[in-house]
Amino acid sequence: MDEIEMPIEQHAELYSLIIEPTIKDQIIVAQKQDKGMAHIREGLDEKKRACFTLDDQGVLWFKNRLVVPKDMELRKKILDEAHTSMFTMHPGSNKMYQDLKQKFWWTRMKWKIAKYVSECDVCQRVKEDHLKPAGMLQPLAVPAWKWEDVHIDFIVGLPRTQKGYDSIWVIIDHLTKSAHFLPVKTYYTAGTYAELYISRTDLGTNLIRSSAYHPQTSSQVERVNQILEDMLRAYALTYSTKWDECLPLAEFAYNNSYQKSLEMAPFEALYGRRCRTPLNWSELGERVTFGPDLVTQAEEQVKFIHSNLKRAQSRQKSYSDKRKRPLVFEEGDHMYL
34 MDEIEMPIEQ
44 HAELYSLIIE
54 PTIKDQIIVA
64 QKQDKGMAHI
74 REGLDEKKRA
84 CFTLDDQGVL
94 WFKNRLVVPK
104 DMELRKKILD
114 EAHTSMFTMH
124 PGSNKMYQDL
134 KQKFWWTRMK
144 WKIAKYVSEC
154 DVCQRVKEDH
164 LKPAGMLQPL
174 AVPAWKWEDV
184 HIDFIVGLPR
194 TQKGYDSIWV
204 IIDHLTKSAH
214 FLPVKTYYTA
224 GTYAELYISR
234 TDLGTNLIRS
244 SAYHPQTSSQ
254 VERVNQILED
264 MLRAYALTYS
274 TKWDECLPLA
284 EFAYNNSYQK
294 SLEMAPFEAL
304 YGRRCRTPLN
314 WSELGERVTF
324 GPDLVTQAEE
334 QVKFIHSNLK
344 RAQSRQKSYS
354 DKRKRPLVFE
364 EGDHMYL
């Protein structure tokens, strides 16, 4: 076997070791230089200073806790070590206070720790906010007339039907709560939706977009969306691949059912009466209403709806705001988005 010769190279390395005093040693030195500590030492015999003691080395203690002088740099060093070091990993303010108060004491210590943690950039970025949701409920204004303002929403994730539909487009009148349910496909373009909207509804309406389960936009319509999703998903489970054929029945069932915010059915709000069903009948007969009377009846109906909706909005806002906290921003404030 051939021998392998490998050259050995010598390398010179220089290491430097810097030894810094411990935090306890720094506190002891700072105590001797702090005028406030000298004032406390002079009054140790007073009853109000009974909690303070001096040990054999002249170190000042508060009960069994080391007194930290009013040295902002030193206090920040203690807070940094208790919060950002690899041995602590950003605890909350209460946990951090409970840990520090075992060994250290200074005036307004708990408040200072809470302020320090609230201003920690890392905590604001990664930690979940356990406070009440911010922002009070701001209901939308009640429109002046029927189908003046509309809301749209999409119910997605439904089984694909034989005709290729996999979603439902929901269009709701903000005043009467009457709704249209249209089967759609997820790949529809904006132009296709525009054609559908124009073909199914009257022109001259204002479109209000909202997202499901987000009552900050409009608490009433979001509640309607939840009801619709429950109803339509029930249809989808029963008629797995033919739920699109049942949409007209679902639309009728919703529009002919009592709505609490209106205190009537959407059909009553829109047309003045419900449609007849086996459980909801009325006497047959001809009812003739002429021009001025027809307008007067419609106006009275809209006034009644306005009153009911405003009362419902006030009730919903009162209930919602109990679980929220006000959020106020001033010019120059910074916030995370």
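Reading the sequence shown from the start, the letters are residues 34 to 370 in my numbering.
From the three backbone atoms N, C-alpha and C, an ideal C-beta is built for every residue, glycine too.
These numbers were taken from a predicted model, which means no experiment stands behind them.
Query	Result
I need the boundaries of the beta strand (DSSP E) containing V217, first residue and last residue.	212-217
Given this structure, state the Cα-to-Cα distance separating R356 from Y220, to the nearest angstrom.	39 angstroms
Taking 8 angstroms as the cut-off, does the stretch 121-132 touch the stretch 76-95 (at least 3 CB pairs, one atom from each stretch)?	no
S251 to C156, Cα distance in whole Å?	Note that S251 scores 49 on pLDDT, short of 50, meaning its location in the model is unreliable; the coordinates nonetheless yield the value given after this. When rounded, the distance between both Cα atoms is 32 angstroms.
Drop a sphere of 10 angstroms on the beta-carbon of R348, count the other beta-carbons inside from all chains shown, and report buried for 16 or more, exposed for fewer.	exposed
Between the Cα of G305 and those of T209, P281, M105, spot the shortest distance and give me the residue it belongs to.	T209
Is the beta carbon of F214 less than 8 angstroms from the beta carbon of E301?	no
Between V101 and W138, is the Cβ-Cβ spacing less than 8 angstroms?	yes
Taking all protein chains shown into account, decide if Q66 is buried (16 or more other Cβ within 10 angstroms of its Cβ) or exposed.	exposed
From what residue to what residue does the alpha helix (DSSP H) around W144 run?	142-151
Relative to the C-alpha of W276, which candidate in A212, Q195, K336 has its C-alpha closest?	Q195
Give a yes or no on whether the C-beta atoms belonging to H207 and D186 are separated by under 8 angstroms.	no
When the Cα of T274 is compared with those of R309, E262, G190, Y230, which residue comes out closest?	G190
At the level of alpha carbons, what is the spacing between R14 and N289?	The displayed coordinates of the chain run from 34 to 370. Any statement about residue 14 would go beyond what the structure contains.
Would Y198 and P216 qualify as a contact pair, given that the criterion is a beta-carbon distance under 8 angstroms?	yes
With DSSP run on the structure shown, which of helix, strand or coil describes F187?	strand
Between H367 and D154, what straight-line distance do the alpha-carbon atoms span, to the nearest angstrom?	12 angstroms
May I have the straight-line CA-CA distance separating A147 from E75, to the nearest angstrom?	32 angstroms
Going by the beta-carbon positions, is the gap between Q135 and V92 smaller than 8 angstroms?	no
Buried or exposed for K57, please, with buried defined as at least 16 other CB atoms from any protein chain shown within 10 angstroms of its CB.	exposed
Let me know if K179 comes out buried or exposed under the rule of 16 or more other beta-carbons within 10 Å of its beta-carbon.	buried
Along the chain, where does the alpha helix (DSSP H) that runs through D154 open and close?	154-159
Please state if the CB of I188 and the CB of I204 are separated by a distance shorter than 8 angstroms.	no
Would M119 and V150 qualify as a contact pair, given that the criterion is a beta-carbon distance under 8 angstroms?	no
Go to V62, then tell me how far its alpha helix (DSSP H) extends in each direction, as first and last residue.	56-66
Got a sec? Which residues, its chain only, sit under 7 angstroms from L303 by beta carbon, not counting five neighbours each side?	K179, T209, S211
Select from L77, K293, L112 the residue whose C-alpha is nearest the C-alpha of R344.	K293
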